[in-house]
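Visitor:
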Amino acid sequence: MFYRKYVPAPHLRQYVECFYVWECSKILTTQLPIESPPNGFASMVFNYGNPYRVVSQKLNGSIAPKTFLTGQATKSYQLHLSGKIGMVGIVFRPAGLCSLFGLPMYEFSDERINLRDVLGKNIDELYDKIEEAASPNERIVLLEQFLNFQFLRKNPTPDAIDYAANLIVDEKGIFNINELIDEVCMSRRQLERKFLQKVGVSPKYYARIRRVSFLCNVLAQQEWQIKDWQDLIYQSGYYDQSHFIKEFTEFIGKNPSFYVKNNIELAKYLK
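Using our numbering, the letters of the sequence shown correspond one by one to residues 51 to 321.
1) Given this structure, state the Cα-to-Cα distance separating I163 from V95, to the nearest angstrom.
2) Where DSSP assigns a beta bridge to M94, which residues make up the other side?
3) Rounded to a whole number of angstroms, what is the C-alpha to C-alpha distance between W274 and Y98?
4) Just reading off the alpha helix (DSSP H) that Q195 is part of, what are its end residues?
5) Can you give, in chain order, each stretch of the alpha helix (DSSP H) that sits fully within the segment 232–260 and has at least 4 residues?
6) Using the Cβ count rule (16 or more neighbours within 10 Å means buried), how would you classify F69?
7) With I227 and A257 assumed to form a contact (beta carbons below 8 Å), what rounded beta-carbon distance in angstroms separates them?
8) Quick one: Cα of R238 to Cα of V71, how far?
9) Where do the ends of the beta strand (DSSP E) carrying F225 lie?
10) Opposite F69 in the DSSP bridges: which residues?
11) Would E67 be called buried (16 or more neighbouring beta carbons within 10 Å of its own) or exposed?
12) Tell me the DSSP secondary structure of S286 in three-state form.
13) Is the Cβ-Cβ distance between A215 and V249 less than 8 Å?
14) With burial defined as no fewer than 16 other Cβ atoms inside 10 Å of the residue's Cβ, what is the status of T80: buried or exposed?
15) Of the choices R54, P60 and N110, whose alpha-carbon is the least far from that of G139?
16) In or out: C235 buried (at least 16 other Cβ within 10 Å) or exposed?
17) Within 10 angstroms of the Cβ of I259, are there 16 or more other Cβ atoms? Answer buried if so, exposed if not.
18) Determine, using beta carbons only, whether P87 and S126 come nearer to each other than 8 Å.
19) What's the gap between the Cα of L153 and the Cα of L147?
20) Could you spell out the range, first to last residue, of the beta strand (DSSP E) harbouring T79?
21) Any idea if N187 is buried or exposed, counting beta-carbon neighbours within 10 angstroms, 16 or more meaning buried?
22) Between P58 and the rest of its own chain, which residues show a CB-CB distance below 6 Å, the 5 nearest in sequence each way excluded?
23) In whole angstroms, what separates the C-alpha of N305 from that of I77?
24) How about L192 and I173: do their beta carbons lie closer than 8 Å?
25) Assign Y309 to one of three DSSP states: helix, strand, or coil.
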């Protein structure tokens, strides 16, 4: 299994977290489930492998389009893959997709929307080039050129919502919303309205997503070796163990101990 992230050019970093390529040299003869907790990022995905299904609270086994946009995931979901794996994607900073493309992100939460329906039929030409490219690097170059064109066309300037959302990411979701309101000099109502437009959820809910996302990453990497739960709970900004378990189970659908022993995230297959 090959999975690699690529750092965007400096002028895109306010809006783009990374590009990625995910491929497998073997054809999967049995179905492979891959688990994904909510991560706080929106994305565009171009799948040049076999179609795969998405299982979530909202998408119960739907086949993902070959090119799609996904907004904020508010709960854990699974990809059910088989055959050839081959896809590239753009992972956007929380407000990046709206800043670059002007899209109302509240319409895309927990969805996988065909990019052709959002950006028009010209996306087919980009997909064909990606499918025909000879290497992962060539595919990433195509994606960066695509974003560069949009950057020049839109000429975006980071605003207070970009700043606020990126700050929540940097602080791993451990952030006081009242302090954030003071930081961006907005009323609570104004911040929530603009945040919903650019990110897809409220700032308070987004902070919860980022906090559990960071925690899942720690657990997935260390797996069953995690022993000092109290220290981890404290570092992750939870009040106590019951708060931690309730919050974790709400977003992931499993209690933390079961998740540590049985998670089937992509990282498990890259060791």
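Virtual Cβ for every residue (Gly too), placed ideally from N, Cα, C.
Guide: On the basis of the coordinates in this document:
1) Counting only the Cα atoms, V95 lies some 10 Å from I163.
2) The partner list for M94 (beta bridge, DSSP) reads L119 and I140.
3) Confidence at W274 is low in this model, with a pLDDT of 47, below 50, so the placement of that residue is unreliable and no value is reported for it.
4) From DSSP, the alpha helix (DSSP H) with Q195 extends over P186 to K204.
5) Assignment of alpha helix (DSSP H) within the segment 232–260, counting only whole runs of 4 or more residues, yields 238–248 in chain order.
6) Buried: at least 16 other Cβ atoms inside 10 Å.
7) Distance from I227 to A257 at the Cβ level is roughly 7 Å; contact confirmed, criterion being Cβ atoms closer than 8 Å.
8) Between the alpha carbons of R238 and V71 lies a distance of about 39 Å.
9) Neither: F225 is in no beta strand (DSSP E) and is coded neither H nor E.
10) Note: F69 sits in a beta bridge opposite Y56 and I140.
11) By the 16-neighbour rule on beta-carbons within 10 angstroms, E67 is buried.
12) Of the three classes helix, strand and coil, the one that applies to S286 here is coil, per DSSP.
13) In this structure, V249 lies closer than 8 Å to A215 by Cβ.
14) The residue in question, T80, is exposed, as its Cβ has fewer than 16 Cβ neighbours within 10 Å.
15) Residue R54 is the option with its Cα nearest to G139.
16) Burial check for C235: the Cβ neighbour count within 10 Å stays below 16, so the residue is exposed.
17) It counts as buried.
18) The Cβ-Cβ distance between P87 and S126 falls below 8 Å.
19) Looking at the two C-alpha atoms, the distance is approximately 7 Å.
20) Membership of T79 in the beta strand (DSSP E) is indicated by the continuous run L78 to S86.
21) In this structure N187 is exposed. Its beta-carbon is surrounded by fewer than 16 other beta-carbon atoms within 10 angstroms.
22) Excluding positions up to five away in sequence, the list reads V66.
23) A direct Cα-Cα distance of roughly 33 Å separates N305 from I77.
24) Contact: no.
25) The answer is helix: DSSP assigns Y309 an H, G or I state.
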